[in-house]
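Here is the structure:
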């Protein structure tokens, strides 16, 4: 079968009248013109295709640039809004910290005042605890000293009376001796 197919093909090739003809210069010129026209059409097609591709690239670049510009604007707006929010938040947090510090200062000041008052009260209490017995003891000593001084005066007065009395008795008994003394 393969052999029959090949034979049939060869028969058609040899039967073609063009296959036996010659090419002359006019034919070559026509072929050359056809090639040039084909090249020209191909070059025009390539140029048109390049132009369309360049236009597409330019349009795509413009769209990309516009999208990039819009994205930059949105990003800048978002950054600006974020900065504003951050400044507000930092301001609020700073105010809270300042208020908290003021409250802490007031609390610490109040605690220091209470501690100072308690310290003074403790010192006064210690003074009272130690001072009262000492004061009572000193009071008793003064009273005792006053009693002793009063008793000493009484003793002195009594001694004077005794001396006076003994001199009086001695003078009665010895009137000459009393006169000598």
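Residue numbers (our numbering): 9 to 189. All C-beta atoms, glycine included, are put in the ideal place defined by N, C-alpha and C. Remember, it's a predicted structure, so these values are computed and weren't measured experimentally.
#### Entry: Coil, strand or helix - residue 32 by DSSP
When DSSP states are grouped into helix, strand and coil, residue 32 belongs to the coil group.
### Query
Helix, strand or coil for residue 9 per DSSP?
In the structure shown, residue 9 sits in coil (DSSP, three-state: anything other than H, G, I, E or B).
### Query
What is the rounded straight-line gap between the Cα of residue 105 and the Cα of residue 112?
Rounded to the nearest angstrom, the two C-alpha atoms are 10 Å apart.
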